[in-house]
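First residue of the sequence shown: -7, per the numbering used here; consecutive thereafter.
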Amino acid sequence: MTASAATQIARLRDQIRYHDRRYYVEAAPEISDLEYDRLVERLRDLEAKHPELVTPDSPTQRIGDEPVDALASVRHRLPMMSIDNTYGVDDLRAWGRRVTKLLAEAGDDRPARYVLELKIDGVAVSLTYEAGKLVLAATRGNGITGDDITHNARTIDSVPLVLDLAEPPPLVEVRGEIYMTNSDLVALNERQAAAGLPPFANTRNVAAGSIRLLDPRECGSRPLKFLCHGVGDETGLGIESQTALYAWAVNAGLPVAPRTEVFDSLDLLIDRGTELIEELHDLDFEVDGFVIKVDDFAQQRLLGATAKSPRWAIAWKFEKFEATTRLAGIRVQVGRGGTVTPVADLEPVELAGTTVRRASLHNAEEVARKDVRVGDVLVVEKAGKVIPHVVRVEKHLRTKRLPVWHPPVECPECGTPLVKDSDGVYIRCPNVDCPARCRERIRFFASRGAMDIEGLGDKLVEQLVTTGLVRQYADLYALEAAQLEPLERMGKKSAASLVEQIEQSKDRGLVRVLNALAIRHVGPRVAALLAGRFPTIEKLAAASEEELAAIPEIGPVIAASVHGWLASDYGRATIDGLREAGVRLDVPAAERVEEGPLTGKTLVVTGTLERFSRQEAEAAIRQAGGRASGSVSKKTDYLVAGAEAGSKLAKATKLGVAVIDEAAFEKLLGRG
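Now the structure itself:
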C-alpha cells in the first residue's frame, strides 16, 4: 500500500509542479483553479494518511514552518550590487559609449548586444538552490549581508521549491524581485477593510513588509510573486549570456519578466524603450523604469564593476507621480486610425505640478479588468511624458453598488457600427470619412513631427473640418486666405501666414509624408527605413509585401499594413490628391541612396583601414546601396578586414563569410 501511495504522491506532485509552471512561468494555464485545488487536496489527503512520505519540497509544505524568533543575517556568496541610474537618453548613450570604449581597451572589438528589461518596483532577493532544491532565500540588505527569509519565500507559489530540471547544477544563486500585482493589492485591501484593518498604501510597501514577517502563515496569506532577473554564485551552470540565462530560468520553472528583448544596438533599444513606456498600462505590476544590460557574460566580466555598481548594467528610470481622485465619468474618443479609446473624466487633482482632469483608460478590456466604475476612487499615475493613466481602483472605498461601464457599439461621432480587432483588444470605427477620424488625421498631419505646419492648431483644425473646408490632406493645399479670415481667432495677417506655412510644407520629403499619413505601425523610424529602400512613392507603392518585409527591421506585420494601405482605394486617392497638390513624394537627391554595386549585400567593417574611418566606410556601404552591420552572422556577405581585425575575423572565417581587404572593398564600391 505504501509503495502505491508513494507512486500516487509522486505523480500528483509532478502534476502540480507542471501546472505551476504553466500558470506562473508560461502564463498559459491548462486547468481551472478548482481543478488545481482538487489536485492539491488529493495530495494533502494522501500525505495525511502517509506522513512518512511527506518531504520539505512537497507543494503542500509551502506554509508548514513555525514562526521564527527573529530574522537571521545571511552573508551573500557574491555581493548584490546596486545599479547606477540615469533619467535621460543622452546619459544612456554616454553609458553606451563608455561600454564600447572599455571593451575596446580590454581587447574585445565585438559590438555589444543589449538586453532591455522591465525594472520591477519590488524587493530584491536571492534564492539559493543546491542540487535543484531551495535551501536559502535572502533579502539584498546592504549588498553584503541580508535577512534570511527562507520561511517566507517558501510560501510564494511562483518560487519553485525544486527546479524543474533533470540535471540541476550543484549550486545556483538565482536573483530576482518579489512583488505584488495591483489587482492583488486591490483584493488584499478589500479583505483588510472587511476585517476593520487599515489598507496598504502600495504594492512595494506590502511586499517589503510581508517578506520580513516572522510568521510564514501570515506572509502566505498575501499574494506575493517572484520574477528572476539574474544569477549570483553558481557551479556548473554553463551559461554565457543574459538571454541564455532567461531561457534556462524558464526551463527550470523560474518566471522571468515579460517584454524582455535583446538588441544589436543601443539606438534600437532606446527606440523600443520609448515605445514601451506607453504600453506599461498593460502590465498589472508597478514598473519604475528599465534595466539595460550587456548581454554577453564574457563582456560583462571584462567591464567589471566599480565599488558599488556593475559597469555592464544601468537603470533607465523615469519619474513617476501618483495621485488619488474620484472618477466623474467615462467618455470615448476616436483616433486618427479609428481606435475608440475610453477616457476617464476625473475630479481635478494635482499631479507632477499640473492639474489633471482626465486620464487614459486605453481600451474596454482594461476597464473591465480593473473593474473601473463611475464614482470610484482611482489611483492615477503619470510616468515620464506619457499622459496619465489609471493604475487601480481603490475598491475598499466603494461604499455602494456602482453600474458597470459598457463600451459603445456604434461610433459616437458618425454612428457607424464599431468592429473589434481580430488579433487584439481595440475596437475601431471603420469609416475613413468619420469626422472624428478626419479631425485627428489632419491634426497629426500638421504636427511638428509630421508636416510641421505652424499655426494649424487643434482649435483651427476642428473649425476647418466642421465647416467642411478640409476633409482630406490635399484640401489643406487648396485653402485660400479669404476662406480662413472669417474663422475664429483668424484675421488677414494670420490667414496669409498660415497659407504660406502650408505651402512650405510641400517640400518636406517622402519620410515626413509617410510618417504624417497615419498608416498603422508607421512612425518616423519605419518611414525612414521604407524611404531608404524605396525613395519614391511610385517605387514604394509598386513593392510587394515580400519586398517590404525583407527590409531590415520591417517584417511581415508592418509590411502588410503598408502594402494594404497603399493598395487601398483610400490610400491611392490620398496619394493622388497630394501629388496633384504639388506635395513632394520622393527623397531629395542629396539624401537619397540609389541602387548601387552593393544593393542587397550586407557588409561588416572591422579593424583599422588606411583610407576610411569606420564611419566613412559604413557610409560608403550605404551610399552604394548596401547594408552596414555591426556584427558577423551567416547573413553577412563580406567582412572588410583592416589591421588588427580581431574576433570578427575569426568568426567570419568560421562561418565561411568572404573576407576582403581595403583594396577589394574599394573595387566593390566601384572606385578601384
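We put the CB at the ideal spot given by N, CA and C, even for glycine.
Quantities reported herein were computed from a predicted structural model and do not represent experimental measurements.
Query, Result
"Counted within 10 angstroms of its Cβ, other Cβ atoms place E39 as buried (16 or more) or exposed", "buried"
"Spatial distance of P544 from S623 (CA atoms)", "14 angstroms"
"Other residues of its chain near W557: CB distance less than 6 angstroms, five sequence neighbours each side excluded", "I511 and G563"
"Contact under 9 angstroms by Cβ, G574 with G662", "no"
"Contiguous alpha helix (DSSP H) assignments of at least 4 residues, all confined to the stretch 90 to 124", "none"
"Own chain partners of L229 with C-beta closer than 6 angstroms, once the 5 adjacent residues on each side are dropped", "P161 and V164"
"Proximity below 9 angstroms, CB of A473 to CB of L461", "no"
"Residues that DSSP places opposite L319 in a beta bridge", "L338"
"Closest residue to L502 among Y79, T333 and D578 (Cα-Cα distance)", "D578"
"Euclidean distance between Cα positions of A559 and A533", "7 angstroms"
"Same chain, Cβ closer than 8 angstroms to L338, neighbours up to 5 away in sequence not counted", "T317, R318, L319, A320, V348, R349, R350, A351, L370 and V372"
"Inside the stretch 127 to 168 only - alpha helix (DSSP H) runs reaching at least 4 residues", "142 to 145"
"Rounded separation between R89 and V554 - CA only", "35 angstroms"
"Environment of I494 [buried if 16+ CB atoms lie within 10 Å]", "buried"
"Distance CB(V286)-CB(A315) smaller than 9 angstroms", "no"
"Between the CA atoms of G281 and R293 - distance to the nearest angstrom", "25 angstroms"
"Neighbourhood of V46 by C-beta, 8 angstroms cutoff - its chain only, sequence neighbours within 5 removed", "E39, T52 and Q53"
"Residue from P43, F604, H11 and R204 with nearest C-alpha to I1", "P43"
"Reduced DSSP secondary structure (H/G/I, E/B, other) of R512", "coil"
"Cβ-Cβ distance between L394 and V366 below 9 angstroms", "yes"
"E402 - partner residues in DSSP beta bridges", "P409"
"Cβ-Cβ distance between V254 and V424 below 9 angstroms", "no"
"I262 to G222 span [Cα, whole Å]", "22 angstroms"
"Minimum C-alpha distance to N243 - residue among D259, P152 and A519", "P152"
"Given L219 as reference, the closest of T92, K626, R328 and A249 once Cα atoms are compared", "A249"
"Close-in-space but distant-in-sequence residues of the same chain around R603 (CB under 8 angstroms, 5 per side omitted)", "E654 and E658"
"Contacting residues, own chain, Cβ-Cβ under 6 angstroms from E446 (five flanking each side not counted)", "Q493"
"Cutoff 8 angstroms; reference T645; Cβ partners in own chain excluding five residues on either side", "V651"
"Y630 - DSSP class collapsed to helix/strand/coil", "strand"
"Cβ pair G618, A466 closer than 9 angstroms", "no"
"3-residue-minimum beta strand (DSSP E) runs that sit fully inside the stretch 163 to 242, ordered along the chain", "163 to 171 and 217 to 227"
"Ordered list of alpha helix (DSSP H) runs contained in the stretch 549 to 607, each at least 4 residues", "561 to 572"
"For P427, three-class secondary structure by DSSP", "helix"
"Three-way DSSP call (helix, strand, coil) for H11 in this model", "helix"
"Proximal residues to L94 (C-beta, below 8 angstroms), its chain only, five neighbours per side dropped", "L294, L295 and R303"
"Span separating the alpha-carbon of K640 from that of V632", "10 angstroms"
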